[in-house]
Structure formats: C-alpha cells, structure tokens
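Comments concern the structure below.
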Amino acid sequence: MQTETTLAKFFSVIFHPLLIPSWAYLALIWQGNLLLLRIPFNLVWTLGGLIFLTTFVLPTAIILLMLRFKMISSLSMPLRSERVGPMIVTAVFFYMTYYLLKQLQIAPIIYLYMLGATLLAVISAAVSIWWKISLHSMGVGALVGAFAGLALLSPANYSFLLMLSLLMAGITASSRLLLSAHKPAEIYVGFATGASLMFTLFLLVG
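So for the sequence shown, the working numbering puts the first residue at -11; every next one is plus one.
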C-alpha cells in the first residue's frame, strides 16, 4: 500500500496541471512534423523553454508566494475556496502564453491549446467556488481532447499520442482516487470538461 501511495504521489506531481502544457509541447515535438506545427527548427527548444517558463515556473512562483503569505493553506489546496486565486493566476499566465505565440504566428496548434487551457482555468476558478472539481483530471482530459481533435482533423497521425494521453488520464485518475484527493464524480466531471471543451475548440477552430 505504501508503494502504491508513493507511486500515486509521483504521478500526481509529474502529471500536475501546470506541467500538462509542457508535456503537450514535448509530445507534439516528438511526433516530429515541425513543418505542420509551424515551428522553426532553430526555435524548438527556445519555444519549449518559454512555454515551461510561462505555464509552470512563473505561476508556480506566484502560488508559492501565496503560500508564503498564507493566502492558501498548502500547495495541494484541499479547500475548494482557496483554489480560486491560484486558478486566476494560472489563467492569466496561460492567456499570456496564448497571446505571445499568436502574435509571433508560430505553433498555431500550441496557441490554440493554450486558449483552451485558459478557458478551462477560468471555468475551474468559477466552479471551485462551490465544488472541488479535479484539476488534474481536467488537465489530462484537455490533452486527450486536443489529441482526439488532431487525430480527426490533421493529415498527420496522432493516434499514438491519443492512446498515450488516455493512458496518462487513467493513471492520473487512479492516483487521485488512491490518494483520496477527490470523489469519483469530481474526477469524472473534471476529465469530461477538459476533454469536451478542448475537443470542441479544435473542431471549431482547428
């Protein structure tokens, strides 16, 4: 049981919602069609570093400051009401990433994904006022929705990434349940919200 708990904590960290945009970028780069992604070869890792900075490092730094000044009780934010502030911070940085990439006119798949992630962060902030929806499940759900949309619309083959994201979603959901971080409904609704919004966005705009 201790080993299972340790693994659940490990997967909860590496599949943290703030890391999902970086995982999405790495997965798309690994898939390999830079021309289709409209990412200049010489900017691949610079762009990856920028995404990691604006979607993980900077929001994490602000959230740590919120913890330091006791605006939240812990990084896990067990109380739904204290999630609102961090989710607004996340939405601001996600939108900043979307806006910057759109202005640069590179990686349209990524900036479309960041637009969806921004909308989900705003939805999470609103829902968290009255319900503790699973942010982890919403994050991996968004990844599944994006890859499902790409698999349906893109000339490239995204089937493997879709299967991989579904595996990530299963591991993440199981981990959150094992840690008693959420009720099943909070996990299922989080996943469905993330997947359906991102899939719809990719169908409409992609």
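Note that the Cβ used here is the ideal one computed from N, Cα and C, for glycine as well. Quick caveat, the model's predicted, so the values are computed rather than measured.
Within the region 11 to 99, the alpha helix (DSSP H) runs of at least 4 residues that lie entirely inside it are, in chain order, 22 to 25, 32 to 40, 46 to 56 and 72 to 92. With 16 or more other Cβ atoms inside 10 Å of its own Cβ, Arg164 counts as buried. The beta carbon of Val72 sits closer than 7 Å to the beta carbons of Ala113, Ser116 and Ile117 from its chain, once the five residues preceding and following it are set aside; these are given in chain order. Judged by DSSP in its simplified three-state form, Ala144 adopts coil rather than helix or strand. In the displayed model, Ser163 falls within a helix according to three-state DSSP. By the Cβ test, the region 78 to 93 is in contact with the region 38 to 52, since at least three Cβ pairs between them sit closer than 8 Å. Using a 10 angstroms sphere on the CB of Met151, the tally of other CB atoms stays under 16, which defines it as exposed. Taking the C-beta atoms as reference points, Phe3 is found nearer than 7 Å to Met156. Annotated three-state conformation of Ala183 is helix, per DSSP. Contact annotation: the region 48 to 57 does not touch the region 92 to 104, with fewer than three C-beta pairs closer than 8 Å. Looking only at Ser64, Pro66 and Val132, the smallest Cα-Cα distance to Leu189 is reached by Val132.
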